Amino acid sequence: MNKEILAGPDAPNIRADAFLAEQLGFSRNAVQRAIETGEITFADGKKIKKNHLVSPGDRFCCAIAPPAELEAAPQNIPLDIVYEDEDIVVVNKPRGMVVHPAPGHPDQTLVNALLHHCAGNLAGIGGVIRPGIVHRIDKDTSGLLIVAKSDPAHQRLTDQLRDREVARIYEAVVIGRVGQDTGTIDLPIGRHPTDRKRMSTAAKIARDAVTHYTVLARYNGYTHIRCELETGRTHQIRAHLAAIGHPVLGDLTYGRAKPEKGIAGQCLHARTLRFDHPITGAQLTFTTDLPGYFTDVLARLGPAEIISD
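Residue numbers (the numbering used here): -18 to 290.
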């Protein structure tokens, strides 16, 4: 990678490694190593000091060799196909399945399964690691995903997501009693300043993020809610709910440190998708039943005060 980064007039007064990690999408440790090896310098070639605070007008030169890219191979893994035609596939992903290969997860992913199911007939825009992938959900989040089988379909679906024309509706069980029956969480989200695996609503470099929620039922110490994304930031629902004091049950990253109610991994399901078919323009809506792990959790919570259906 050869890239020049200019700190604009509104550049935050933070350390250069934190600023560059956000700009490049790398971990802070990776950026620190690149600074030490001279792969990242000031544009004039001068070395960056560890404690340098970014100022407007600072120019950085980044010449980082990209990591060797994995390549996804077809694998015969069962899939729950909700809908399929020559342009798209809508799949109901189980919790525990990673969407695409990544370090630590080289195979057994949704992409590996799709390559086998579609005989390689997936949009190439996402590259060899993410063919056909239009949007993602976390490993331990279950539910619906749209996959593109052609490049035109991929581009038009990406445009719909960018223009906030795709309805993505989730259900979750959260810790605590959510007081308001409906609400909106409008808090920008960015990479956590010290934990690169987390997102934060207190990040200095953040993007707008909006989540609407409706309470479906209240239990003793827990609430079953529906969330609709207006934006689609990484970990958005999980980070937003944690920010208002109601982390998703089972979310060991944003919530309590130990599993409870027999669940390991967040109780979060992408239940409904509504979008226009990228080629025909027909409006499509898909809704799945709540998976077994989710209904098992609800059964363990005891008597419910039903608020909405």
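For every residue, glycine included, the Cβ atom is placed at its ideal position computed from N, Cα and C.
In this text the structure is predicted, and so the values were computed from the model without any measurement.
Less than 8 Å between the CB atoms is what I'm expecting for residue 230 and residue 155, so what's the real figure, rounded? Contact between residue 230 and residue 155 holds, with the beta-carbon distance rounding to 6 Å and staying under 8 Å.
Distance between residue 144 and residue 165 (C-alpha atoms, nearest Å): Cα to Cα, the separation comes out at about 19 Å.
Within the continuous alpha helix (DSSP H) that includes residue 274, where are the two ends? Looking at the DSSP string, the run of the alpha helix (DSSP H) that includes residue 274 is 273 to 281.
Residue 204: buried (16+ other C-beta within 10 angstroms of its C-beta) or exposed? Residue 204 should be labelled buried.
Quick one: residues in its chain with C-beta nearer than 8 Å to the C-beta of residue 264, no 5 flanking neighbours on either side, listed in chain order? These residues qualify, in order along the chain: 255, 256, 257 and 258.
For residue 6, does the count of other Cβ atoms within 10 angstroms reach 16, so buried, or fall short, so exposed? With fewer than 16 neighbouring CB atoms inside 10 Å of its own CB, residue 6 falls in the exposed class.
Determine the contact status of residue 171 and residue 187, defining contact as a CB-CB distance below 8 Å. Yes, Cβ-Cβ distance for residue 171 and residue 187 is below 8 Å.
Helix, strand or coil at residue 196 [DSSP, three-state]: Residue 196: strand per DSSP, three-state reduction.
Got a sec? Which residues, its chain only, sit under 7 Å from residue 167 by beta carbon, not counting five neighbours each side? So the list reads 191, once near-sequence residues are dropped.
From the DSSP output, which residues share a beta bridge with residue 257? Answer is 264.
Taking residue 216 as the reference, which of 128, 11, 179 and 39 has the closest Cα? Considering only alpha carbons, the answer is 179.
What does the Cβ neighbour count give for residue 295, buried or exposed, with the cut at 16 atoms within 10 Å? There is simply no residue 295 to check, as the chain begins at -18 and stops at 290 in what is shown.
Could you tell me the distance, in whole angstroms, from the CA atom of residue 163 to the CA atom of residue 56? Linking residue 163 to residue 56 through their CA atoms gives a straight-line distance of about 43 Å.
Output needed for residue 34: all residues of its chain with C-beta closer than 8 Å, excluding positions within five of it in sequence on either side, in chain order. Within its own chain, the residues whose Cβ lies closer than 8 Å to the Cβ of residue 34, once the five positions on either side in sequence are excluded, are -6, -5, -4 and -3, listed in chain order.
Based on Cα-Cα distance, which residue from 91, 140, 134 and 137 lies nearest to residue 118? When each option's Cα is compared against that of residue 118, the closest is 91.
Cβ-based neighbour list, residue 126, same chain, cut-off 6 Å, excluding 5 preceding and 5 following: Excluding residues up to 5 positions away in sequence, 72 and 74 lie with their Cβ nearer than 6 Å to the Cβ of residue 126 in the same chain.
Beta-bridge pairing of residue 164 - partner residues as DSSP gives them: Beta-bridge partners of residue 164 (DSSP): 194.
Is the stretch 36 to 43 close to the stretch 12 to 27, with three or more CB pairs under 8 Å? Enough Cβ pairs lie closer than 8 Å, so yes.
In this structure, how does DSSP classify residue 73 when only helix, strand and coil are distinguished? Note: residue 73 maps to strand in three-state DSSP.
Report the partner residues of residue 114 according to the DSSP bridge assignment. Beta-bridge pairing links residue 114 to 128.
Ignore the nearest five residues each way along the sequence and tell me which others in residue 248's own chain have a CB closer than 7 Å to its CB. Excluding positions up to five away in sequence, the list reads 153, 154, 229, 230, 231, 275 and 278.
Could you pull out every residue in the same chain whose Cβ sits closer than 8 Å to the Cβ of residue 284, ignoring the five residues on either side in sequence? These residues qualify, in order along the chain: 200 and 201.
Integer-rounded CB distance, given that residue 129 should sit under 8 Å from residue 182: Not confirmed; about 31 Å, so no contact.
Under the assumption that residue 260 contacts residue 134 (Cβ atoms under 8 Å), give the Cβ distance between them as a whole number of angstroms. Right, the Cβ-Cβ distance comes to about 6 Å (below 8 Å), so this counts as a contact.
Once DSSP output is grouped into helix, strand and coil, what is the label at residue 210? If DSSP states are grouped into helix, strand and coil, residue 210 belongs with the strands.
Since residue -14 contacts residue 20 with CB under 8 Å, what's their CB separation in whole angstroms? Contact doesn't hold; Cβ gap of about 13 Å is too wide.
Would you kindly report the start and end of the unbroken alpha helix (DSSP H) that includes residue 18? Run containing residue 18: 9 to 18, per the alpha helix (DSSP H) assignment.
Select from 268, 198 and 212 the residue whose C-alpha is nearest the C-alpha of residue 290. Nearest C-alpha to residue 290: 198.
On the three-state DSSP scale, how would you describe residue 251? Note: residue 251 maps to strand in three-state DSSP.
Give me the DSSP bridge partner(s) of residue -17. Looking at the DSSP output, residue -17 sits in a beta bridge with 44.
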